[in-house]
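Scroll down for the structure; my scribbles are underneath it.
Protein chains in written order, with our numbering: chain A, -17 to 219; chain B, 65 to 302; chain C, 0 to 49.
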C-alpha cells in the first residue's frame, strides 16, 4: 500500500468537485431531451387535422434523422476502414450500426402507434413506413452478417461492403417506394413554435446519439483491451 | 494487402477479353456438365408458381392483380437459390484460391461470375416464363415484357454475385444470402413488378417508362458498386 | 385511444428504452472494467512469481 502524500490528497479533494467534460455533455444532452419533450407536450400547438397524436412527430422524425446519421457513419467509416485498415473506424461503424438499429426500431414503434391513433392501423405500406422498414431490415442484415462472419477482419470487411452497397441503395429505395405510392414528399409548412420544437428535439436526439456512440465505442475498446490481456495471459502460461 | 495482384504486364484489350472469356467459359462449362444450379432453379421456380396457383385458386378474380408479383417471387426465390449454389460449388472445389493466384484482375473475375450467374438465372427464366404464361394465362412472352425481365435480372445478378461470394464464406451460408439480398433489391422488386404489371395489362411502353428508368438506374448503381466492392469480398477467401 | 394518451405512451417508451440502453451499456462497461482489473492482477501476480 503506497503512502498518500498531502498534495495528492488535496488534489483528490479538488477532483471531487471537478466534473468531466463527458459528464457535462451527458447532462446537457438529457436536459435538452427533457426540454424538447416538454415543449413537444406543452409548448407546441395542437395540429388542426390530426390533433394530439401529431406530437409523436417530435420524437419520431428526430430519431429517424439520428438513424440516418448512423447509416452514414456505418457506410463512411466502413469505406475508410477498407481504405486505411485502421480498426478504430470499424469500431465506430459497428457501434453506429447498433445505435441505428436501436433508434430505427423506436422510429417504427412510434410511427406505428402514431398510425394507430390517426388511421386506426398500426401498419400501412405507405412510403415513409415502408422506407423506414427496409432500412431497418438492412441494419438487421448488417448485424446478422457480422455475427455470422468467421473472424473480426471478415466481419469488418463484410460490414463495410454491405454498408456501402446499402448506402448507395438508399436513394433508389426512397425513389422506388415513393413513386410506387404516388406520393411526393412536400415540404411541410409549420408554425414557428412547431419548427422550434422540432429543431430542438432533433438537436437533442443527435446529441443523444453522439453520447451513446461514445459510450458504445468506449465499451468496445474496453472489450478489445480484455482480449489483449487474455492473449498476454495465455502467452505467459 | 494490395488488391490487384496483377503480376502480368498491363493487359491489352484482347488479352482482357481472352481472360474474361476463359473465366466465363470455365464457369459455364462446369455448370453445363453438372447442370446442378440451373436445374435446381428451374424446378424451384416452377414449384413456387405451382404453390401460388393453389394459394390463389379460391379467389380467381384476384389472380390478375397479383400475377406480376407471383412471377417475380418465383424468379427471386429461384435466383437466390441458384446464386447460393454456384458459389458453394466454387468453395467446395477450392478453385477460387487458384483463381486468385493467377494474374487475372479481380474485376475480371467479377464480370465473369456476373455474366455466368446472369446466364444461369436467364436459363431458368426461359423455363419459368412459358410455364407461368400457361398457369396464369398472362401474356409475358412479349418482347417488352421479356426486356423488362432481362433488365431486372441484370441488377439482381450483379448484387447477387457479390453477396453470394460473401454469404458462402460466412457461418450461416444459405440463410445469409436472402437476408442480405432481399432488402437491398427492394427498388428492383418494386420496379420490376410495376413495369411488368403495366405491360401485361396491355398498356403501352410509355406508361411503364418511369419504372424502366428506375430499373436502369438500379442496374447501373448495382453493377458499379458490386464491381468496385468485389475485390474486398474475395479477400481471405475460404 | 385518447389522442394525448398515445403521445404519453410513445414518449414513455422512448425514454424508457433510452434509459434501459444507457443502463445496459453502463453495466457492461462496469463488468468489463472489473474483468480488466482481475486480468491485470493475475498477470501482475504471475510476473512477480517469475
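All C-beta atoms, glycine included, are put in the ideal place defined by N, C-alpha and C. Source: prediction; values computed, not measured.
Taking C-beta separations shorter than 7 Å and ignoring five residues to either side along the sequence, the partners of residue 86/A in its chain run 49, 114, 117, 118, 121, following chain order. Going by beta carbons, residue 214/B and residue 132/B fall outside the 8 Å limit. Close CB contacts of residue 197/B within its chain, under the 6 Å cut and outside five residues either way in sequence, are with 204, 205 (chain order). Looking at the DSSP output, residue 29/A shares a beta bridge with 33/A. Here DSSP, grouped into helix, strand and coil, assigns residue 101/A to coil. In the three-state DSSP reduction, residue 235/B falls in the coil class, being neither helix nor strand. In this structure the region 214 to 227 of chain B lies against the region 164 to 180 of chain B, because at least three pairs of beta carbons, one per stretch, are closer than 8 Å.
Every unbroken stretch of the alpha helix (DSSP H) spanning 4 or more residues and falling wholly within the region 207 to 253 of chain B is given here in chain order: 207 to 231, 237 to 248. Less than 8 Å divides the Cβ of residue 282/B from the Cβ of residue 154/A. Residues of the region 54 to 70 of chain A whose Cβ lies closer than 8 Å to any Cβ of chain B, in chain order: 64. Using a Cβ-Cβ cut-off of 7 Å, residue 255/B is close to 158 of chain A, given in chain order. In the DSSP annotation of this structure, the continuous segment of the alpha helix (DSSP H) that includes residue 189/B starts and ends at 170 to 200. The residue from 160/B, 241/B, 149/B, 91/B with its alpha-carbon nearest to that of residue 105/B is 149/B. For residue 162/A, the chain B residues whose C-beta falls within less than 7 Å of its own C-beta are 254, 258, listed in chain order. In this structure, the beta-carbon distance from residue 130/A to residue 240/B falls below 8 Å. Listed in chain order, the positions of the region 15 to 37 of chain C with a beta carbon within less than 8 Å of a beta carbon of chain A are 16, 17, 20, 21, 24, 25, 27, 28, 31, 32, 34, 35. For residue 4/A, the number of other beta carbons within 10 angstroms of its own is below 16, and it is reported as exposed. Pairing residue 244/B with residue 127/A gives a Cβ-Cβ distance under 8 Å. With a threshold of 16 other beta carbon atoms within 10 Å, residue 217/A falls short and is exposed. The beta carbons of residue 89/A and residue 203/A sit no closer together than 8 Å. The region 133 to 141 of chain A makes no contact with the region 256 to 273 of chain B: fewer than 3 CB pairs, one atom from each, lie closer than 8 Å. Contact check between the region 18 to 33 of chain A and the region 246 to 260 of chain B: fewer than three CB pairs, one atom from each, fall below 8 Å, which does not count as touching. In this structure, 164/B is the residue among 185/B, 164/B, 261/B with its C-alpha nearest to the C-alpha of residue 300/B.
Among the residues of chain A, those whose CB is under 9 Å from the CB of residue 235/B are 129, 130, 131, 132, following chain order.
Within the region 85 to 111 of chain A, not one residue has a Cβ closer than 7 Å to any Cβ of chain B. With respect to chain B, the C-beta atom of residue 82/A has no partner C-beta closer than 8 Å. In this structure, the alpha-carbon of residue 56/A lies about 21 Å from that of residue 287/B. CA-CA distance, residue 92/B to residue 180/B, rounds to 6 Å. Chain B places no beta carbon closer than 8 Å to that of residue 198/A, leaving this residue out of the contacts.
Identification of chain A residues near residue 262/B by a Cβ-Cβ cut-off of 7 Å yields none; the smallest Cβ-Cβ distance measures about 12 Å. Look at residue 177/A: its C-beta is not under 8 Å from any C-beta on chain B. Chain B has no Cβ within less than 8 Å of the Cβ of residue 138/A.
When DSSP states are grouped into helix, strand and coil, residue 133/A belongs to the coil group.
With contact defined as three or more Cβ pairs closer than 8 Å, the region 11 to 23 of chain C and the region 98 to 113 of chain A are not in contact.
Restricted to the region 175 to 202 of chain A, not a single alpha helix (DSSP H) segment is unbroken, complete and at least 4 residues in length.
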